[in-house]
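Written out below as structure tokens is the structure these notes cover.
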Amino acid sequence: AAAPAAPAPMETEAAPADKEAPKKEEEKGADNADVSMTDASATAAEEAPKASNPVDELDQEAIKTLTEQMGFTLIRAQKGLLFSTGGTVESAVEWLMEHQDDADIDDPIPEGAGAKAQSYKCNECGKILSNMANLELHANKTGHSDFEESTQSVKPLTPEEKAAKIAEIKELLKLKRAEREEAEKVDHVEREKQRRFMGKEMAKTREEMEKEQRKREAAARKAEKLAQKRERERIRAELEKDKLERMANKGKLKGRLGVDGYAPDAIQYDKDAGGDSQEPQAQKPKTTSSASASKIDEYITKVSSYRAGGDGGKCLKVLKLIVGNAADNPDEEKFKKVNMETNTYKNKVKPFVGAKSLLLAVGFCPQDGDPTHLVLKDDADMQLLKDTKAKLEKAVVNYG
């Protein structure tokens, strides 16, 4: 009995919708008022489909299922299908379950309800945009950000309008290209000016650098000439000194080259009346212990100045060992001789300025007939050896 009674509400619910449509059409114009009449003209009948009412496009089988089998009213069935996401019976039932307590659930469906958005509208300038790409292009170009969806469809361009639009775009591109070429021409001129200016500056800088280099070279040559001149003058002074010394000592020279500095020496010839020849003994200037001590400090400072790889410290340790053994064991012959052919001496003593000079200053001297060994003199100052040992120990500690 419930199934036959269902069509009756369907007709009663449809009646308000039929009455509402003419009212809305009367507001649009007098010609559309005849749509609700049974004797409407053919023109009005042709215009009715153009309204594209979404209710007319609903699935009639789904409406029948919702009204006849499930007992929903026609308005509710139409709203469920129209406003649900899937447009199916299941989605319509879900929507109705969620909105069944709404105050306007049984109100007539307004015109245009459920219509799909066909374009986008810019609320800042009112322009209608056909798709999202045009919307993004418009936003980037104008900076507008207020948009909304619109049901208004964008009318496609006619071939004549399309051709005119293309011609307009081409003309705009031509103007843009001309502006760009003009800007590039100006930029090229500026770059050329900058290039010439930088070339002149570089040439000027290069010329100044070459001038400074020539000045430095001239100063170096001048300093070299002055050094050579001073050396010649020094040699002349030494020669004059030797000449005066020879004159004062009957052609003999008392000095010779020693560990304490430059003391000229030469081969002496002295023949007596009987024809016997005798070569006088060369005399070495005597040095005091105080002079030797000052030189020893200088030699230790020179050796300590070698910091790379700790080489100076290694040399100081070897010197301390040699001098210490000679000072602590004055009667041991093995500690009075230094072999200069060993790897230790060659690698840790010989390469460093001041190391061998220190050994000579404390009393070691080349062995006669054996240039590979240094021997301690019999008259070596033992106190000087002990003092030198103490200085070397301190230097090793300070070297780190």
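Residue numbers (the working numbering): 7 to 406. Glycine included, every Cβ here is placed at the ideal spot set by N, Cα and C.
- Per DSSP, the beta bridge partners of LEU135 are TYR126.
- Distance from the CA atom of LEU143 to the CA atom of GLU190, rounded to whole angstroms, is 27 Å.
- Residue pairing for ASN345: DSSP places it in a beta bridge opposite HIS379.
- For LEU163, the CB contacts under 8 Å within the same chain, skipping 5 residues up- and downstream, are LYS171 in chain order.
- Taking a contact to require three or more Cβ pairs closer than 8 Å, the segment 354 to 361 and the segment 312 to 329 qualify as touching.
- DSSP places PHE370 within a strand segment (E or B) once states are collapsed to three.
- Proximity of the segment 97 to 107 to the segment 130 to 146 falls short of the contact definition, fewer than three beta-carbon pairs being nearer than 8 Å.
- Take the alpha-carbon of LYS340 and the one of TYR405: they are about 29 Å apart.
- Minimum Cα-Cα distance from ASP62 among the listed residues GLN75, SER125, ILE81, GLY77 corresponds to ILE81.
- A direct Cα-to-Cα measurement between ASN59 and ALA68 gives close to 17 Å.
- Taking a cut-off of 8 Å on C-beta distances, the segment 324 to 331 touches the segment 391 to 404, as three or more cross pairs fall below it.
- ILE306 is not a Cβ neighbour of ALA367, given a cutoff of 7 Å.
- Between the alpha carbons of GLU196 and GLU230 lies a gap of roughly 50 Å.
- Under the three-state reduction of DSSP, GLU198 is assigned to helix.
- It is roughly 15 Å from the alpha-carbon of LYS249 to the alpha-carbon of GLU239.
- In this structure, the CA atom of GLU174 is about 15 Å from the CA atom of ALA184.
- Looking at the DSSP output, SER300 shares a beta bridge with no other residue.
- Our two residues, GLU338 and GLU223, have alpha carbons roughly 59 Å apart in a direct line.
- With respect to the 7 Å criterion, LYS180 and SER156 are not classified as neighbours on the basis of their beta carbons.
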